Structures are given as structure tokens and as C-alpha cells.
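Peer 1: Sequence lines, in order, name chains A, B and C.
One point on numbering: in my numbering, the residue at position 2 of the first sequence is 772, and numbering is uninterrupted.
One point on numbering: in my numbering, the residue at position 177 of the second sequence is 1489, and numbering is uninterrupted.
One point on numbering: in my numbering, the residue at position 242 of the third sequence is 247, and numbering is uninterrupted.
I am attaching a structure below and will ask some questions about it afterwards.
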Amino acid sequence: MKIKKKLIILISVLIAYGLLQGLIALGIVDNYFRRILVSIGINIIIALSLNLIVGITGQLSMGHAAFMSIGAYASAVSSVALHTPLVVSLLIGCIVSGIIAAIVGYPILRLKGGYFSMCTLGFGEIVKVAFQNIDSLGGARGYTGIPASVNLTFVFFSVVIVFLIVTNLVNSSFGRTLRSVKDNEIATEAMGNKAQNYKMLGFITGSIIVAFAGGLYAHYITYIEPAMFNYSKSTEFLTFIVLGGIGSNTGSIIGSTILTLIPEVLRNISSELNELRMFIYGVIIIIMMIFRPQGLLGTNELTIAGIKRFIIKVKSRFAGKNKIQKEV
Amino acid sequence: MKKLFKKALAVLGVATLALGSLAGCGAAKEAETIKIGLCIPITGNMPDSGKLATWGSQMAADEINAKGGVLGKKVELVFEDDNNKGDKAATAVQKLIDKDKVVAIVGSAHTVAALPMGPVCTQNKIPLISPNPTNVKITSVGGEYVFQIQFTDPVQAAVLADYTYDDLKYTKAAVLYNISNDYPKALAEAFVASFESKGGTIIANETYNEGDTDFKVQLTKIKEADPEVILFPDLYANVSLIVKQAREMGITAQFIGGDGWANHKLIDIAGDATEGAILTTSMSVEDPDEKVQKFVSDYKALYQDEPANTSTMFYDAMYVICDAIERAGTTDGAAIKEALKTTDLDCITGNITFDEERHANKEIVIAQIENGSYKFITKKKH
Amino acid sequence: MKIFIHQIINGFALGSVYALLAIGYSMVYGIINLVNFAHGSVYMVSAFIGLFLATRLSLPFTMILIIVMLASAFIGMSIEKIAYKPLRNSPKVALFITAIGMSMVLENGLRVNFLAGPNPWPFPTIIETVNYEIGGVSISNLQILTFAVVVVCTLLLQLFLFKTKTGCAMRVVSYDKDAAALMGINVNKVISITFAIGSGLAGAAGILVGMMYPKIDTLMGVMPGLKAFIAAIMGGIGNVPAAMFSGIFIGFTEAMTKAYVSSRMSDAISFIILIIILIFKPEGLFGKKKIEKV
């Protein structure tokens, strides 16, 4: 049964990839669309990692972009100075970020609520200022000359792998303990689990994954500078997961996809809108939050069975209201 | 149930919107106009540059069209917003190339966005003219299709240091610059290097962060060091507050700055505090040159404002690219690139030719603020 | 020594602005547990209203101050009604994201061409700057004015919170919303008043900052807003004098690090200090320790 399920996943991923390549070959997906797809892919990885920290472990981090920048810089330096292949550079970025997350997380994860958020926010600013002051990394002038070794295929499979890792993690007993930390820390402790240790592990894993995304970003844009990863970037990441539904992995994917698409869609509707683009983006966020405060999916996951149920529900809605009310 | 329906509707709406607009590009027709893309910061943290860029380039395009256009066709500008962010800029450029089928691109107004644009253009064989960023790496990072018509930071800093040390005979200088921005940092560092190599001393080297509005702490330190001349190498918005506070605190030293100062808003905000300050810039509205005077009066008539550095650079960029397309005789990217290499055009900001690194060779204007306007002093070449 | 006193004055001037904003943050955070990111934007909008009043209608300072405070109080209340009220029972993060959306709307809405436009604006001189020299140390009338406004506002607020019925209601709501509702307190009204007061103070800050640093643009609220938010959290939530003190403390640390440690690293150093304070005093500088029950 399990093997069958894995096979289905593998085959559907390959079909999706084949479809994508087909569309590219047919010219329907042009370079511009490919660029958007890469951005979406990188943002999905970021959203999944942040969801692990905020949605699953319940720690509202406002400095997530800092770990992304650490991953971006570490992997970029490794590629440029040590000429390491892409995968090795990305791993180095992840390791550096993980170590720093452990050092930083240890003291600040003991703090509650707003205090933890404030410390992560402060940490984000510290990292930014630090990078601005390291002249060998270009400081505010940014780091250039990073090889452009990331392409759509690489991002596509990265997203698939990260998604599988994260969902497996969340559904494991480790993931369940993380959720219990979110719901009630004291109860978790009473069950014999050290809440602090679990929070640490969740935080470090999230930071490692976002560093991976940072590495991808650096090797795709080929130029990074500290202000790219400021706190408004961190809050942008938060909007991804909140819109999709906090605690839902598929929700994170949907949220980051929609929010990456909106500015580009507005770009294409009319050039007159250019000036109002970010204004409309803000309005859309407010409206979405008012009508769907728990996010598009809430804490639910989007599954094939769920979609089926949803279709049946919608169908029966058109068939007649009374019927459903009886069923419910 | 109602909620469910709403959800379905929302998802459907978003999906159609997305697909319709992204995939909905018509079949390529024979172009009736020559499309030039402008990738500029309309939103983001530098929207004023976007506005100036629109003004300058639109004015140039209208003039060119009034004279019959390029290759017998009208020039059409396609404006795209880069949000003054690197990743957005790369996507915006790709959109201009793929969807709008532009033949060349002008942009961006700031280095953050300009650096990632170059590689995309070179990959797609579309020439890119970088108007006002002064970062020295834009052309080398961007590749062979990127041409920079503004002088670079080291050149500007050297001219400024020469003038300060040789002509004004100052030897003790202080620097106060923005650590979180590329342009001020590069200019400050280059100035310090040139000034010290000439024999001058930097007696105070202070910094601040983007978003700061109070500079009194740093200025108190500078005042104590008592320099003869102080360099504030930032964009006009921050400089306006700095010079005002400096004069209020009783600092009497000579103020100097770079092309970031060349915007009349500086004098509007800071008032008398800017009086007597000296700056290097790409052009002066008081330049006696006939061409410059015509541009200034036309610009004033059109926008009821004095031309700023950014708008002038975009104006010139339009002329440079249109001249190259005309000489190439085709809209093919590679041909335009070759034509750009042999550019020799009299522009508002001086005669523009490109060197091996595709940086513009041109004179730098030294101006002084007098009675609330930028007085032309001299032109220097490094 | 003279320089040292000078830098202390600089620190106080810087801190007063953070303090005025921090009070608003702290009150809103105390009452509905929301990091009101739009607070900095209200401050920005009010500076523009002040600009309009001063240039178009050339009103005197006190009139401008009162009108702007009323206008921004109204804006704050409207924001609460439109964007936050529908979300009152939702997860806090959703509220927080709405606040981010709101500040995007205000910043990008105001910068369209027929409103403020993308350029920074010069703020007119409403009160002529006068520098007083006391023993070789100069201090300007605007610095004194800002500091005075901060202190007066804090005192008035403190009186309001502890001596009036509405103030009492406010404290009750911040303690327990449901219990307050059961006691017959109109929770919606109290929250509206809180937003009005907080935003009114942001309005005052907008005018004072406009006069002191006469360049205003649509992004002017971002950095001060961030630092004020930190001051509010650091002081201990919902505590007005604490917010004021920590606002001034942050300005003071910033000035001291710039003056005596490093102006390059000043922001980083002040954040490090804040993190250290929170690690050792996790309930804020003046906060009370709460015992958590299961």
C-alpha cells in the first residue's frame, strides 16, 4: 500500500514535469513565465520552511529573511571563492544557517509571544547591518559574479523534495509533538517532552530549508545585497503562509503561488496600473483576510480526496440546497 | 454552503485572471512601431526616480517622433515597474522582452535593480542602456549588451577629489555617508581613496542608515573634528536633512556632493543650508551650451519643473539608443549593440562615446549652488 | 564633557519621537494584542495632512496640531472599523497580516500622482527654529517642544487611564475582553477610543517630526514605526509610561552607540542590547511576571 502510494507520487511528479517541459517546448511557457515559475518555486520553499516554524511550532518569527540571506551569502561565497558545485554550495549555506539558528534560537526560543517576534525581528536587522559592514562581501554594494547555475528543472525538483521532506516531518511523531508545543507548551512538558528542544529543532529545520531557498535565489538572480533581505521581506513571507492557512503545507504552497502571481498578473492587465500595483496588492490582502481570516485552507491540507469531496459538495449545491442540509 | 461557493468562485476567478493574462499574448505581428522598454522603479522605495525617468524618456521619445521617429517608424515606450528590487527587475525585463517584444531596454534608475537586469538582457541579445546608476560593475556583470551612459563612481570621486584638493585647496575633509545604500558607500570610499592619495587627510568618517532622519550625533562628532570640507555623497532626499541640520548646528565647513544632489527638491527642502555647496553632476541647468538651454526651457514648459539628474540621464539614454538603432538600420539586437559601440553623440550631458568596458567617456560638470540654483562652474574630464 | 551632554540631548530628541509612537503601539497591543503595523503609516499620513493645512490654509501651530490629531484619530478609528473589527476573533497573525496590508494601502495609496506623489515634500516652517545656548551646549526649541509634548501626553494619558471611567474600562478590556463585556462595558467603543487616542498621538508625532526634520515622504513611517514597536514591546505591553521610557531609552542607546562605539554598527548594537535585555527580563523592562496556567 505504502509503496503504491509512493509510486503514484513519483509518477505524478514526473508527469507534471513532462507537462511543463512540453509547454516550454511548445512555446506556451516562455522565458518570462519560466522566471515567474522559478520565483514561485523559491517562494514555495520559503513558505514551507516558515510554516514549519510559525504554523506547526507556533513561533511567530519575523526575521526569516535573515536566514535566507545567510544561506544566500554562504552558498554564493562558496561557489565564487571555492568553486564548489551548486549542490555543495547549497549544502554549505544550509549548514551555516543551521548552526547560526541553533546559536540564536537557544536563548530566544525561551521567550514568549511578542518578545520572541521582536527578537527575531531584531536579529534580522542585525544580520542585515552585519552584511552591510563586511566589506569583503561587498557590503551595501552587494555580492556579484555568482554563477547562474539554477534553472527551472532544479527548482522544480527542489520544491518536490522539500515538500516531501516537510510533509513527512509534519506527519511523523516529531511533527505531532511540534504541534502539541504550539497548542499547549505546558501540557507538552507534562507528557515528558522538552518543549524547548522541540522548538529548537523546528526552528533549526525551518532555517536550514530557507537557507536552501536563499542559495537557490542567489544562484538564480546572480546578485545579492543585504537590503534585499530586510524585515519587509520577512513580513512578505508571513503573508504567504497566513493567506494559505497557517499550519497547512498545501496552504503555504497556494498562498505563495497566489501572492507571487498577483503583482505579475496586475503587471499584465494594464500598464496604467503600474502605479497602483502595490496598492491593489494591499487591498487584496485585506479583503482576503477579512473574508477568510484562517487562510484559504485553514489548517486543512489539500488532498485529492478533499478535492473530490469539495467537487461533490459544489455539485450537490447546484443540485439543491435542502439535500445537503439533510446530509449535514 | 454559501462560503463554499464563494471559495470556488474566488479560486476560479484568480485562476482565469492569472492564466488569461500570462498566456494571453497575441501572435507576433510585423511591428509598426519601434518599442523601447523602460524598466524603472514606479513603486518601491524610490518612486520619485521612476517619475523623473518617465518624464525624461517620454519627452525624448516625443521629440524623436516629432522629427519622424526612427527608421521611419514611431518610437513607442513601454513602461514597466521594477519595484526597485533585484528579482522583480529581472522578471520585469524578461516580460518586456517576451511579451512586449521590445528592441531595446533603458533602465534602471538604481543599482539594486540595474545589476540583475544586465545578464537577462545579454542572454536575450537585447541591448540595455543604463542611464543614471554609477556603479562600476553594471556593465561587467551585465555582459556585452549593457552600456552605461553615466560616469562611474571612481571617476566621479576622482574629479571631485581633484577639484577639492587642487582648485579649492582643502586638505582636511570629513565624510558622512549612508552605509545601507550602494551609491553613497561607493562614492564615499572612492573619494576617500582619491583624496588621501593626493595627500589630503580624512579626519572624520561617519555613517548612517537608510531611514534615519536625525544626524546630529554624527554631525556633533564631525563638528568636533573641525574639517574644512565635508562630503555628503547621498541622494538629495537624505542630504537635504543632513545639510540643514549641519548648518543649524553651526558647522561652517564647505559642503560637497555628487550627482545625487542634482535635484531641485534639495534646495526646496534644505533652503539656505545648501548655499555655496559644490557638486559634481552630469549637467547644469545654467550650462551656457545652446542645446542644454533649449532642453531646460522645453522641459520647464512641459513639466513646470527644473530637469533633475535622473530625468536628464533618461532623456539622453533615449537619444543614445535611438541613434544606435538608426545607424544599425535594423532592430536586430546584435546589430544595435555593434552600433552602440561606435556611438559618438552630443547629448545634454556632454559628448558620449563608449570605452572598452562600455562605460561612457564624458566630461563631468562641477556646479555650485548659488541663490537657490545650480550655477555652472566648469567641466572636467578624468 | 560638553560633547557628552550634547549627545545626551541628541539622544533625548531622537527618543521623544520613538516614545510618542510607542505609546500608541503599546495601547493598541495591550488592548487587542495586535502589532498595528499601520501605526507608522498613520503617522506618515498625518504629516501630509499637516503639510496641507500649513501650506494651503496657513493655520497657526496649535490649530494644525489639534486638527491633525483629530484627523488621525478619525483615520485610526476607521482603519479599526474597516480592517480589524471583522477579524477580532481570528488568529492574531491574520490580524497582523491585515495590518501589513493596511500600511501597504496607505503608503502606496498616498503616493499616487494626484495625492502626495512619489517625491519627498519640504515641510513648511510653522515655528521658527531657535537654538538656545546653555553653557556651550545648544538645544533647539523644537527639541524642547517635542520632549514636552511627550511628557504631557504621557501624564494626561496616565490620568485618563486611572482617573476616568472610560480609562478604567480600557484597562478592564485589556485585561479580559469577555469579562468586560459581561460587566456591561461596550468593548467595541473602548477599542475605538483606544485607536483614536493612539492614532491621535501618532498624528502629533507626525507634525512634530515634520517640523524637526522637514522632509516628508510616504515611507517616512517605516523605520520610526519599527523602532517604536520595539520600544512598546520592550517596555512591557500596555504600560504607557514604560513605553515612553523605553522609547527614550532606545533613542538614547542609539545616540550613545553612534557617538562612542560605532556609527556603522549602531542599529545592530542597539538591537543586540534589546535582545539581551529581553533574554534576561523576558516580560519587558517594566512588565509584570505572569504565571502561566494550563
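Every residue, glycine too, gets a C-beta built ideally from N, C-alpha and C.
Every value quoted in this text rests on a predicted model; they were computed, and no experiment measured them.
Hey, is L1046 of chain A's beta-carbon within less than 8 Å of any beta-carbon in chain C?
Peer 2: Closer than 8 Å: yes.
Peer 1: Assign A1574 of chain B to one of three DSSP states: helix, strand, or coil.
Peer 2: Reduced to three states, the DSSP call for A1574 of chain B is coil.
Peer 1: Judging by CA-CA distance, which residue of A:I979, A:G972, A:Y968 is the nearest neighbour of V930 of chain A?
Peer 2: That would be A:I979, whose Cα lies nearest to the Cα of V930 of chain A.
Peer 1: State yes or no: is the C-beta of F886 of chain A within less than 8 Å of the C-beta of Q829 of chain A?
Peer 2: Closer than 8 Å, so yes.
Peer 1: Near G241 of chain C, which residues of its chain fall below 7 Å by C-beta distance, leaving aside the five closest residues on each side in sequence?
Peer 2: Closer than 7 Å at the Cβ level, and outside the excluded window around G241 of chain C, lie A247, E288, G289, L290, F291, G292.
Peer 1: Leaving out five residues before and five after L1316 of chain B in sequence, what residues of the same chain have Cβ atoms less than 8 Å from its Cβ?
Peer 2: Unreliable placement is indicated for L1316 of chain B, whose pLDDT of 47 sits below 50; the coordinate value is still reported in the next sentence. Hits under 8 Å: none found.
Peer 1: Using a Cβ-Cβ cut-off of less than 8 Å, list which residues of the stretch 1547 to 1575 of chain B approach chain A; keep chain order.
Peer 2: Per Cβ criterion, the list is empty.
Peer 1: Alpha carbon to alpha carbon, how far is I1409 of chain B from N1436 of chain B? Give it in angstroms, no decimals.
Peer 2: Each residue's alpha carbon lies about 8 Å from the other.
Peer 1: Whose C-beta lies closer than 6 Å to the C-beta of L1591 of chain B among residues of the same chain, with five residues either side of it excluded?
Peer 2: G1569, W1573, A1679.
Peer 1: Where does V157 of chain C land, buried or exposed, given buried means 16+ other C-beta within 10 angstroms?
Peer 2: With fewer than 16 Cβ atoms within 10 Å of its Cβ, V157 of chain C is classed as exposed.
Peer 1: Mind listing the chain B neighbours of T992 of chain A? Cutoff is C-beta to C-beta under 8 Å, in chain order.
Peer 2: Simply P1428, P1431, V1453.
Peer 1: How big is the Cα-Cα spacing for Q1406 of chain B and F200 of chain C?
Peer 2: Cα to Cα, the separation comes out at about 45 Å.
Peer 1: Using only the alpha-carbon positions, how far apart do F927 of chain A and A851 of chain A sit?
Peer 2: Going by the C-alpha atoms only, they are around 27 Å apart.
Peer 1: Please report the residue range of the alpha helix (DSSP H) in which Y987 of chain A lies.
Peer 2: Segment 965 to 991, the alpha helix (DSSP H) holding Y987 of chain A.
Peer 1: When the Cα of V178 of chain C is compared with those of C:K168, C:K194, C:E259, which residue comes out closest?
Peer 2: For the residues C:K168, C:K194, C:E259, the minimum Cα distance to V178 of chain C belongs to C:K194.
Peer 1: Less than 8 Å between the CB atoms is what I'm expecting for C889 of chain A and I878 of chain A, so what's the real figure, rounded?
Peer 2: 4 Å between Cβ atoms; contact.
Peer 1: Just the chain C side, please: which residues come within less than 8 Å of F1049 of chain A by C-beta, in chain order?
Peer 2: The answer, in chain order, is M109, V110, N113, G114, V117.
Peer 1: Give the straight-line distance between the Cα atoms of M1059 of chain A and T1525 of chain B, rounded to the nearest whole angstrom.
Peer 2: One C-alpha to the other measures close to 34 Å.
Peer 1: What residues are listed by DSSP as bridge partners for H1671 of chain B?
Peer 2: In DSSP, H1671 of chain B forms a bridge with B:Q1460.
Peer 1: Rounded to a whole number of angstroms, what is the C-alpha to C-alpha distance between I1354 of chain B and V227 of chain C?
Peer 2: Each residue's Cα considered, the two are about 19 Å apart.
Peer 1: Under 8 Å between the Cβ atoms of R1047 of chain A and L1036 of chain A?
Peer 2: Result yes, Cβ atoms of R1047 of chain A and L1036 of chain A sit closer than 8 Å.
Peer 1: When you check each C-beta in the stretch 47 to 79 of chain C against every C-beta of chain F, which residues fall closer than 9 Å?
Peer 2: The structure shown contains no chain F; its protein chains are A, B and C.
Peer 1: So D1584 of chain B and P127 of chain C are supposed to be a Cβ contact under 8 Å. How far apart are they, rounded?
Peer 2: Not a contact, Cβ separation roughly 13 Å.
Peer 1: Along the alpha helix (DSSP H) that carries V1424 of chain B, what are the first and last residues, could you check?
Peer 2: Its alpha helix (DSSP H) spans residues 1423 to 1436.
Peer 1: Provide the residue span of the alpha helix (DSSP H) that contains F803 of chain A, from first to last.
Peer 2: Unbroken alpha helix (DSSP H) run through F803 of chain A: 801 to 820.
Peer 1: Which bits of chain A does Q1406 of chain B rub up against, with CB to CB less than 7 Å?
Peer 2: Within chain A, the residues near Q1406 of chain B are N801, Y802, R805.
Peer 1: Using a Cβ-Cβ distance cut-off of 8 Å, determine whether Y968 of chain A contacts chain C.
Peer 2: Y968 of chain A does not count as touching chain C.
Peer 1: To test your reading of the DSSP string, which unbroken beta strand (DSSP E) runs of 3 or more residues are found completely within the stretch 1617 to 1669 of chain B?
Peer 2: With a minimum length of 3 residues, the continuous beta strand (DSSP E) runs that stay inside the stretch 1617 to 1669 of chain B are 1657 to 1659, 1662 to 1666.
Peer 1: Starting from the Cα of M970 of chain A, find the closest Cα among A:I1057, A:I814, A:F944, A:I840 and give me that residue.
Peer 2: It is A:F944 whose Cα lies nearest to the Cα of M970 of chain A.
Peer 1: Less than 8 Å between the C-beta atoms of G203 of chain C and G29 of chain C, yes or no?
Peer 2: The answer is yes: Cβ separation under 8 Å.
Peer 1: Residues of the stretch 1355 to 1372 of chain B with a CB closer than 7 Å to any CB of chain C: list them in chain order, please.
Peer 2: Listed in sequence order: T1355, N1357, P1359, D1360, G1362, K1363.
Peer 1: Looking only at DSSP bridge pairs, what is E1518 of chain B linked to?
Peer 2: According to DSSP, E1518 of chain B bridges with B:L1488.
Peer 1: If contacts are defined as beta-carbon pairs under 8 Å, then L26 of chain C and A207 of chain C qualify, I think. What distance do you get, rounded to the angstrom?
Peer 2: So it is a contact: roughly 6 Å between Cβ atoms.
Peer 1: Starting from the C-beta of C1351 of chain B, find all residues in its chain whose C-beta is less than 7 Å away, skip the five residues before and the five after it, and write them out in chain order.
Peer 2: Only E1392, D1394, A1401, A1404, V1405, L1408, I1417, G1419, S1420, M1429 meet the Cβ criterion.
Peer 1: Would you kindly work out how many angstroms separate the C-alpha atoms of V925 of chain A and F933 of chain A, rounded to a whole number?
Peer 2: Computed Cα separation, rounded: 12 Å.
Peer 1: Going by C-alpha to C-alpha distance, which of A:T947, A:D800, A:N1000, A:R911 sits closest to A1500 of chain B?
Peer 2: Of the listed residues, the one whose Cα sits closest to A1500 of chain B is A:R911.
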